[in-house]
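Here's the structure, in structure tokens; my notes come after.
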Amino acid sequence: MDERSGVLSNGSGESAIWHDGWWESEDGLKLHYRDYPARSGSGADGLPVLCIPGLTRNARDFEVLAEDLSADRRVICIELRGRGESEYARDPASYVPAQYVADLERFFAETGIERAVFFGTSLGGIVTMLSAMTAPHRIAGAMLNDIGPVIEREGLEHILEYVGHGRSFPTWMHAARALQDVHGAVYPDWRIEQWIAFAKRVMELSASGNIRFDYDMRIADAFAGTGNPAKDSSMIGAEDLWPAFDALAGRPVLVVHGETSNILSGTVAREMVGRIPQVELVSVPGIGHTPTLDEPHVREAIDRLLARCAA
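Per UniProt numbering, the sequence shown starts with residue 1, numbered consecutively.
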């Protein structure tokens, strides 16, 4: 365990304390997670929540949610290889879901954690579903944030337009405006303060003083190299993800859907509800890919999911 830690205010007068943790992948990479211990003694022995971010995101993506949930439950926010403080892969071909699943199994082996409630945003949800096929005993319940077994081609093409471009910016305002240009349709009502906060979650201040995205640009090589990312198995880890979603059967599942998402369609989201038992669907009006998980009715649904998960 690294000695570094942080104290974050959740705006209610309470503070969430986190510290860094590390584990090693099978190919020798040092991978990072941010660990929020339960602040109340009653939650220390409960099931932890394991947060897995999206394609270009990192542990900070779940910062506000982790602050709140850690009031009475341990929350662990991992960073996939090539993101945040996790080491970059030696071979960019390893930036694929099957490798992330293998890295995650090493995380469980090294930390001694046996089971958790998985929260997966976008790519993190794909990793969650694939984990249900390879290590179902690890998953006590799951939240899939705007991702399902069918990924819309429009959304994948949009990702190809911006991932891996390696732009940098002189100020946080410039960074925020650039994000708004690309993702403005996802969050149409955001104020500039929210775009700046978003920039600080997905970017970092480099040693040269410029602001840059906090991930390995070579992630785009594996993503774009598939030829047809909407169908190619090397991008999503399986040509048909329905069996992976079906593997979640027998445990509570929450599907969060951005109403205007170009990744998860409403049709697929509704089919997920009817596919296996214990699935709740919550849609976020006017929001695309992905909901922030700070929406009040989403938080209520998360509380219901956690209440349904057996210890």
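Every residue, glycine too, gets a C-beta built ideally from N, C-alpha and C.
Quick one, are the C-beta atoms of residue i and residue j less than 9 Å apart?
{"i": "residue 116", "j": "residue 251", "result": "no"}
{"i": "residue 298", "j": "residue 259", "result": "no"}
{"i": "residue 83", "j": "residue 240", "result": "no"}
{"i": "residue 57", "j": "residue 268", "result": "no"}
{"i": "residue 52", "j": "residue 124", "result": "yes"}
{"i": "residue 223", "j": "residue 148", "result": "no"}
{"i": "residue 213", "j": "residue 166", "result": "yes"}
{"i": "residue 69", "j": "residue 294", "result": "no"}
{"i": "residue 145", "j": "residue 256", "result": "yes"}
{"i": "residue 75", "j": "residue 35", "result": "yes"}
{"i": "residue 73", "j": "residue 46", "result": "yes"}
{"i": "residue 211", "j": "residue 170", "result": "yes"}
{"i": "residue 244", "j": "residue 126", "result": "yes"}
{"i": "residue 107", "j": "residue 139", "result": "no"}
{"i": "residue 301", "j": "residue 254", "result": "yes"}
{"i": "residue 23", "j": "residue 114", "result": "no"}
{"i": "residue 95", "j": "residue 219", "result": "yes"}
Residue i: buried (16+ other C-beta within 10 angstroms of its C-beta) or exposed?
{"i": "residue 54", "result": "buried"}
{"i": "residue 205", "result": "exposed"}
{"i": "residue 261", "result": "buried"}
{"i": "residue 93", "result": "exposed"}
{"i": "residue 67", "result": "buried"}
{"i": "residue 277", "result": "exposed"}
{"i": "residue 97", "result": "buried"}
{"i": "residue 208", "result": "exposed"}
{"i": "residue 103", "result": "buried"}
{"i": "residue 120", "result": "buried"}
{"i": "residue 63", "result": "buried"}
{"i": "residue 160", "result": "exposed"}
{"i": "residue 192", "result": "exposed"}
Please return the same chain residues whose Cβ sits closer than 7 Å to the Cβ of residue i, not counting the five positions on each side in sequence.
{"i": "residue 135", "result": "105"}
{"i": "residue 236", "result": "Here residue 236 scores only 45 on pLDDT, less than 50, and its place in the model is too uncertain to base an answer on."}
Spatial neighbours of residue i within its chain, please: CB distance less than 6 Å, with the 5 preceding and 5 following residues excluded, ordered by chain position.
{"i": "residue 221", "result": "92"}
{"i": "residue 37", "result": "74"}
{"i": "residue 40", "result": "72"}
{"i": "residue 281", "result": "255, 269 and 273"}
Who are the near neighbours of residue i in its chain, counting only those whose CB is closer than 8 Å to its CB and skipping five residues on each side?
{"i": "residue 286", "result": "188, 189, 259 and 260"}
{"i": "residue 194", "result": "187"}
Checklist entry - Does the stretch 284 to 298 come within contact of the stretch 166 to 181, defined as at least 3 CB pairs closer than 8 Å? => result no
Checklist entry - Can at least three beta-carbon pairs, one atom from the stretch 25 to 33 and one from the stretch 73 to 87, be found at a separation below 8 Å? => result yes
Checklist entry - What are the uninterrupted segments assigned as beta strand (DSSP E) that are 3 or more residues long and contained completely in the stretch 82 to 115, given in chain order? => result none
Checklist entry - Going along the chain, which unbroken runs of the alpha helix (DSSP H) with 4 or more residues stay wholly within the stretch 264 to 309? => result Listed in chain order, they are 266 to 275 and 296 to 308.
Next on the checklist: Ignoring anything shorter than 3 residues, give me the beta strand (DSSP E) runs that lie fully in the stretch 115 to 139, in order along the chain.
Outcome noted: 116 to 121
Checklist entry - Where in the stretch 153 to 220 do unbroken runs of the beta strand (DSSP E), each at least 3 residues long, occur, reported from the N-terminal end onward? => result 203 to 205 and 211 to 213
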